[in-house]
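Presented below is the structure to which this report refers.
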Amino acid sequence: MMKNSYKLIAYDLCPYVHRVLTLIKYLDIHCDIDYIDLQNKPDWFLKLCPTGKVPTLIVNYNILFESSAINEYLNETTGGGLLPSDPITRAKNRAWTDFGSSLIMQHTSLFNQTTAEDFKAAKDRFNHTLSFVEQEIKEGPLFNGKEFTLIDAAYAPLFLKIEILEKHYPLKLLDNTPKLSRWSQTLLETPCVKQMIPEGFEDKLVARIKSTDNYIGLINK
19 MMKNSYKLIA YDLCPYVHRV LTLIKYLDIH CDIDYIDLQN KPDWFLKLCP TGKVPTLIVN
79 YNILFESSAI NEYLNETTGG GLLPSDPITR AKNRAWTDFG SSLIMQHTSL FNQTTAEDFK
139 AAKDRFNHTL SFVEQEIKEG PLFNGKEFTL IDAAYAPLFL KIEILEKHYP LKLLDNTPKL
199 SRWSQTLLET PCVKQMIPEG FEDKLVARIK STDNYIGLIN K
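Add 18 to the 1-based position in the sequence shown for the working numbering, that's all there is to it.
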């Protein structure tokens, strides 16, 4: 049987790319990574991927896109042990993974607001959304207990961004969600999360925020 070859088309600041990179590191999969500029997408990429978005994974000659679909494929082809065996728990994990995508977008939105009023409204929305996930976590320290699963890979990039940006813009976003805070701390100490962080990520992330006109930038000068 021919061994699969993997190539990930990525952007170094994209949290959805980081979801896939986290799992690749966890599963110790050899994968070539081609970083592209999303502001100047190569023609070959636009012809390759129907959505024009990253992450896109090339498996031999097959094109996979959307981080959840890619991660489920990688899980299934390496033993399938990273989804709960119980059908209802498995379905809930998938639902909360999708919910995590809205959290990523809401967190990004915080750094795009230009007025105090809009920023407060965005922060209130984010905290309200966080509270739903806080209620769903049971004993921890990870989402499903002690074992790393796909949903942990999905939320790790969000926690990484929060931790890094808290150093520069102390918003104390996890102060009122102790179970989420513990989940975040556990994940950020996990080797696969540490290993997936692209070189220079923090500097590039902070530079991106500083390059735009936003309320947070004004109050932190």
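In this text, a Cβ means the ideal position worked out from N, Cα and C, and glycines have one as well.
Straight-line Cα distance separating residue j from residue i
i: L148; j: I182; result: 18 Å
i: I234; j: V77; result: 41 Å
i: E33; j: I122; result: Inspection of the sequence shows that residue 33 is occupied by Pro rather than by Glu. Their Cα atoms are separated by approximately 8 Å.
i: W62; j: G70; result: 10 Å
i: I47; j: L41; result: 9 Å
i: A90; j: L39; result: Going by the sequence as given, residue 90 is Glu instead of Ala. Near 13 Å, if we compare the C-alpha coordinates of L39 and E90.
i: D193; j: G98; result: 35 Å
i: L189; j: L100; result: 33 Å
i: T167; j: I237; result: 38 Å
i: I54; j: P209; result: 25 Å
i: T133; j: K179; result: 22 Å
i: P60; j: E157; result: 46 Å
i: F219; j: H186; result: 14 Å
i: P105; j: E154; result: 17 Å
i: I27; j: A225; result: 23 Å
i: Q213; j: V35; result: 13 Å
i: F137; j: T95; result: 43 Å
Check whether residue i and residue j have beta carbons under 7 Å apart
i: S199; j: F177; result: no
i: V72; j: Y29; result: yes
i: R37; j: S103; result: no
i: A174; j: L205; result: yes
i: I169; j: N93; result: no
i: E135; j: K197; result: no
i: A140; j: S127; result: yes
i: Q131; j: F144; result: no
i: A172; j: T115; result: yes
Integer-rounded CB distance, given that residue j should sit under 8 Å from residue i
i: L66; j: T74; result: 7 Å
i: N232; j: F117; result: Not quite, the Cβ-Cβ distance comes to about 25 Å (not below 8 Å), so this is no contact.
i: D52; j: K25; result: 6 Å
Run of the alpha helix (DSSP H) containing residue i, from where it starts to where it stops
i: I155; result: Careful: I155 lies outside any alpha helix (DSSP H) and carries neither H nor E.
i: V38; result: P33 to L45
i: N89; result: S85 to E94
i: L189; result: Segment: none, L189 is in no alpha helix (DSSP H) and carries neither H nor E.
i: N111; result: P105 to L128
i: K228; result: F219 to K228
i: Q203; result: P196 to L206
i: Q213; result: P209 to M214
i: K65; result: D61 to L66
i: L236; result: Y233 to I237
For residue i, the residue or residues it bridges with in DSSP
i: D52; result: I27
i: G163; result: L160
i: I81; result: I76
Short CB-CB distance (under 7 Å) between residue i and chain D
i: Y53; result: Absent from the structure is chain D; it holds one protein chain and no more.
First through last residue of the beta strand (DSSP E) which encompasses residue i
i: T74; result: T74 to V77
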